[in-house]
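Taking it in order: structure first as structure tokens, then the write-up.
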Amino acid sequence: MSTRPPLTRLSVPRHLIDVSAPGAAGHDAALVSQVPSAITHEVPDPALGQIAARFARLVTEAITGRRAPAQLVPVLGARSAAVLHGLGAVSRDARVRGVRWQSPRPGVIESAIQLGSRNGLWAVAVRLEYHQARWRAVALEVAPPGERHPRR
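Each residue of the sequence shown is one higher than the one before, starting from 1355 at the first, in this note's numbering.
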């Protein structure tokens, strides 16, 4: 069972708003104002992307051995810390190749991190939640190169 909220459309596609209908003067604005607030578009906060990128750097430092996983305990849950501790310094040349993130609701960031190394590509999935004035990774999955299933 997933703890993720159900996906909803964040904006109304432009082709669904018919501006050529009778009485089109002001028709577009009238249709947009009738869109339920649950599906109106919110502009993402750029600071959330910076938080996701910083966390990607921290995870990369732990995977490469430049940072001890014990230093990340304040921002990791117990299970997430165990995943990084179990990896050890397995790839000293890993670099962040990309970070994609979304905020399904306020106080939550879900990110997918792609790491590149000589051995191949790594995939890291992280769910960060804001609680008691700090961001904390409540879920972390790492898929090293060559492994079929992610470590959780």
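Ideal placement from N, C-alpha and C gives every residue a C-beta, glycine not left out.
- Inclusion of Thr1418 and Ser1445 in the CB contact set at 8 Å is warranted, their separation being smaller than that value.
- By the Cβ-count criterion, Arg1488 is exposed, with fewer than 16 other Cβ atoms from all chains shown falling within 10 Å of its own Cβ.
- In this structure the segment 1461 to 1478 does not touch the segment 1426 to 1437; the number of beta carbon pairs closer than 8 Å is below three.
- Selection Ala1436, Val1413, Ala1491 and Arg1421 evaluated against Val1450 yields Val1413 as nearest (Cα-Cα).
- By the 16-neighbour rule on beta-carbons within 10 angstroms, Ala1491 is buried.
- A distance below 7 Å between beta-carbons, with the five flanking residues on each side excluded, links Ala1406 to the following residues of its chain, in chain order: Val1453, Trp1455, Ile1463 and Ser1465.
- Spatial neighbours of Ser1471 in its own chain (CB-CB distance under 8 Å, excluding positions within 5 residues in sequence) are listed in chain order as Ser1445, Asp1447, Ala1448, Arg1449 and Pro1499.
- In the displayed model, Gln1486 falls within coil according to three-state DSSP, outside both helix and strand.
- The alpha-carbon of Arg1505 is positioned some 20 Å away from that of Glu1483.
- Judged by beta-carbon spacing, Val1480 lies beyond the 8 Å limit of Val1437, meaning their Cβ atoms are not closer than that value.
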